[in-house]
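Chains as they are written, first to last, in this note's numbering: chain P, 1 to 496; chain B, 1001 to 1496.
Note that the Cβ used here is the ideal one computed from N, Cα and C, for glycine as well.
These figures come from a predicted structure and were not determined experimentally.
Below is one structure, written out as structure tokens; the observations come after it.
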């Protein structure tokens, strides 16, 4: 995958993908060549996610040409063990990945479903998992043309209608949308664009304003997270880039960098190494959970704290080699917590992954998230946002160019833009870099923001005994809101 | 245009078109061959509508394939003589026709614009007027594929964004959408789907639920209107169909019908005549204004009253010829008020009109309005809704089939479906047949229905000294709501 690791900007979108999407995480992990770390063990909710259903969907909802009237089979998982008359439907708006993994790993929904007698539905996003409109031929033009968030939302709308019209018990059911990350964006947009079908939405870690936020914001939160756990750490990291640059000026230096960082292959440039390290900082900030996890990689509790502790312990500004070794020990927490990797690849050499091509297409059409660093307040080297370079890479891969203004026009990009909406909760961890593009303040009485103090990306998607109070409070707020939406809907039925 | 006048169901959609759209009205009028009645004299607002502007629009907003990245020039009319900083934008969402005619004939906007220092914009709907994405080649597949309400709304959204970003005074302006009939549906949907851009909407005579309403409802209102002005009239009309049928059983009878109704050409069947007469009743109900007009045809004040008075005057159930002559005298009010027509055509023989093809395409894709009559409560012959026949005609003409479920999924079809929306006013005349598909009751505190007692289709679009109080009250309610929406928006700016 040529663009992978090549473009700073595209890369962040891929981080977004990789953290969200467990099967994508495998891809990242593949580059840790010697790592034999086991896959995440199956969740306790796996048995609920075993059976797939399929619905026939129009491939192009926005075009009535009979040649676009073709159908495809969209996968979804439905669990109706708790169903009674007017059961609420808890509808997960699938992200960029195999829906089963989201089903197994979104414990929050499973934990609360029995309390609400809810029917749980996980809908797979078109062009991911088993929902490929043109099978293996889905990712070439013009077959890939129907991969847009608007088409995905229309699929979800048809599916809701289908569920309500085929099960008499659900005819008048309220529907609550759930989603995390891109799935959270979709859950929010589903409520915004189809309030005729959706009574409310819980949007977790959903950076719906990443299109319009300051390009420095993402890395600024990464820096904030590192600083919070070790006030010295960002300064030392910032200091380290120049050392890497100095080594990178000669072949001998590049060769030394390869040895110091335990790389499998020679470096082509110091930039390669720097991009790789910067990604690791961002990834670590995203999975900075208060307990051990095995999500992107096997990690200790609070990995940022451990990483910073390793960096600062032996850091000696007057000794360049010590600086580099400190950084290596730091990132090694992310790379090799279990100590089984023998060397690392800074560049993925795996072939194109299906989900990855699809998501990259989405970042090359609708979802441009401008990213930059200033090198002063943040701990990174200064790098400007270069839309031309971004667009060029997109054109090279897909022969298409982003329409970066479209999501702002279609979905909005500020609190003003969503002030008329209701029945939405946006939850964000304040240490999650993606919170930079999230809704962090209440917009109105019925559109609330929940901040999870010390929370990273997606913290709170499943209960853990080490959950901080902030997570417990967030869950309670969400449960209360869901209850209100459901009751309001059921009351409105009585009025008829 | 072979389908014209052939299909009862399609026909009503065309009535919808013809009443809305003055240039379409010309088409209808063309069939009154000898009629030399002058065109409606130019409105007093004509000078505001002289200058067209153009915006380059993406032809396919929902597809990023570079081959669909083509642009077309969308026409709009902007009048900014009253502009000050934060002037509200009054945005007319153009219907199925040349935008200039809507600009010249929507006096309500022009009457209130100076009071609000409003910038007035009339946006032309793609595939109508001068906004033809592929010029004269627009109406053949695949060029016609991009004629959908979703694409039109996306055009309007881009235009609003363009206006706000190119005129510094309008950067933070509130935007109020206006529209009548199909334009009213678009105005409502624009607010519903893009509340990030639109602060409120006035939707006049907008049958947004015509998709899901009882198929008898339309003709039931026509009957109600006739009954209101003459309690006997519907019974006599209902009685007349059988007489026509009796005449229609022989060639001699058909020939007599031709003479009695002053037709230019021999009749092929009595059905031809009956469809034509039924259309005239519907059209007359729609333009049943309290003052003389020259809209579909030159008409007296309260034409339904005059028509019924002519029908009932000499009606003699025991004399078939007298029945037919009474009906002829009745419909002659609509056909020939000025007495200049020498004969009439029951079937249009004009070539396809651009707007007509486009609107028919829309009724064959998104906008299926089921129509039927029961022949008992209504004054028509019983006729069932036959979706298969409807779809067959669509397939014959466009090789495409309607997706009648889509508007219900996308826009909703009941008060439940719009209960979360706000800042909308739906106004309907209670004598307008299209009110059958309209929002006739308040849905919530911020989504109100205004009923214009004794109002027909679009009554109230321009002040007239003979306006009934109901129209004046409706206008005041609308002005008050617009003012509230604007003030709320401006207040929200101060909070930032």
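Between the alpha carbons of residue i and residue j, how many angstroms are there, rounded?
{"i": "residue 1441(B)", "j": "residue 1419(B)", "result": "12 Å"}
{"i": "residue 1400(B)", "j": "residue 1464(B)", "result": "44 Å"}
{"i": "residue 409(P)", "j": "residue 456(P)", "result": "29 Å"}
{"i": "residue 329(P)", "j": "residue 243(P)", "result": "16 Å"}
{"i": "residue 1490(B)", "j": "residue 1119(B)", "result": "16 Å"}
{"i": "residue 282(P)", "j": "residue 469(P)", "result": "25 Å"}
{"i": "residue 438(P)", "j": "residue 1196(B)", "result": "17 Å"}
{"i": "residue 495(P)", "j": "residue 1421(B)", "result": "18 Å"}
{"i": "residue 1264(B)", "j": "residue 1336(B)", "result": "14 Å"}
{"i": "residue 90(P)", "j": "residue 81(P)", "result": "13 Å"}
{"i": "residue 49(P)", "j": "residue 121(P)", "result": "10 Å"}
{"i": "residue 1449(B)", "j": "residue 1479(B)", "result": "14 Å"}
{"i": "residue 284(P)", "j": "residue 166(P)", "result": "45 Å"}
{"i": "residue 1355(B)", "j": "residue 1342(B)", "result": "28 Å"}
{"i": "residue 1402(B)", "j": "residue 223(P)", "result": "54 Å"}
{"i": "residue 252(P)", "j": "residue 227(P)", "result": "33 Å"}
{"i": "residue 411(P)", "j": "residue 87(P)", "result": "30 Å"}
{"i": "residue 1413(B)", "j": "residue 1221(B)", "result": "19 Å"}
{"i": "residue 128(P)", "j": "residue 1093(B)", "result": "37 Å"}
{"i": "residue 240(P)", "j": "residue 383(P)", "result": "16 Å"}
{"i": "residue 1482(B)", "j": "residue 1115(B)", "result": "11 Å"}
{"i": "residue 1351(B)", "j": "residue 1096(B)", "result": "Low local confidence applies: a pLDDT of 39 at residue 1351(B) is under 50, so the model's placement there is unreliable, with the coordinate-based value given in what follows. Distance between the alpha carbons of residue 1351(B) and residue 1096(B): 18 Å."}
{"i": "residue 1070(B)", "j": "residue 1163(B)", "result": "21 Å"}
{"i": "residue 1207(B)", "j": "residue 76(P)", "result": "35 Å"}
{"i": "residue 1316(B)", "j": "residue 1053(B)", "result": "59 Å"}
Taking the DSSP output, what are the residues bridged to residue i?
{"i": "residue 194(P)", "result": "DSSP lists no partner for residue 194(P)."}
{"i": "residue 57(P)", "result": "72(P)"}
{"i": "residue 177(P)", "result": "91(P), 201(P)"}
{"i": "residue 78(P)", "result": "121(P)"}
{"i": "residue 383(P)", "result": "373(P)"}
{"i": "residue 344(P)", "result": "263(P)"}
{"i": "residue 1441(B)", "result": "In the DSSP output, where bridge partners are listed per residue, residue 1441(B) has none listed."}
{"i": "residue 52(P)", "result": "77(P)"}
Looking only at its chain, what residues have a beta carbon closer than 8 Å to the beta carbon of residue i, apart from the 5 residues adjacent to it on each side?
{"i": "residue 72(P)", "result": "56, 57, 59, 126, 131, 132, 133, 134"}
{"i": "residue 1461(B)", "result": "1105, 1106, 1107, 1108, 1180, 1204"}
{"i": "residue 1320(B)", "result": "1243, 1246, 1247"}
{"i": "residue 387(P)", "result": "368, 370, 404"}
{"i": "residue 1136(B)", "result": "none"}
{"i": "residue 1493(B)", "result": "1086, 1172"}
What first and last residue would you give for the beta strand (DSSP E) that runs through residue i?
{"i": "residue 481(P)", "result": "Per DSSP, residue 481(P) belongs to no beta strand (DSSP E); it is in the alpha helix (DSSP H), 469-495."}
{"i": "residue 450(P)", "result": "447-452"}
Cutting at 7 Å between CB atoms, please list the residues of its own chain near residue i, excluding the five before and the five after it.
{"i": "residue 1443(B)", "result": "1415, 1418, 1419"}
{"i": "residue 46(P)", "result": "104"}
{"i": "residue 458(P)", "result": "180, 181, 204, 205"}
{"i": "residue 1225(B)", "result": "1285, 1288, 1304, 1431"}
Within the continuous alpha helix (DSSP H) that includes residue i, where are the two ends?
{"i": "residue 317(P)", "result": "Note, residue 317(P): premise wrong, no alpha helix (DSSP H); not H, not E."}
{"i": "residue 221(P)", "result": "217-229"}
{"i": "residue 1429(B)", "result": "No alpha helix (DSSP H) holds residue 1429(B); the beta strand (DSSP E) holding it covers 1424-1429."}
{"i": "residue 238(P)", "result": "233-248"}
{"i": "residue 140(P)", "result": "Element bounds for residue 140(P): n/a, residue is neither H nor E."}
{"i": "residue 1418(B)", "result": "Here residue 1418(B) belongs to no alpha helix (DSSP H), and DSSP marks it neither H nor E."}
{"i": "residue 157(P)", "result": "149-166"}
{"i": "residue 408(P)", "result": "406-410"}
Apart from the five residues just before and just after residue i, which ones in its own chain have a Cβ nearer than 6 Å to its Cβ?
{"i": "residue 1139(B)", "result": "1357"}
{"i": "residue 22(P)", "result": "Summary for residue 22(P): the model assigns pLDDT 33, below 50, so the residue's position carries little reliability; its value from the coordinates is reported in the next sentence. The answer, listed in chain order, is 101."}
{"i": "residue 152(P)", "result": "125, 126"}
Those runs of the alpha helix (DSSP H) which lie wholly inside the stretch 253-306 of chain P and span at least 4 residues: 270-286
Ranges of the beta strand (DSSP E) found wholly within the stretch 91-138 of chain P, counting only runs of at least 3: 119-123
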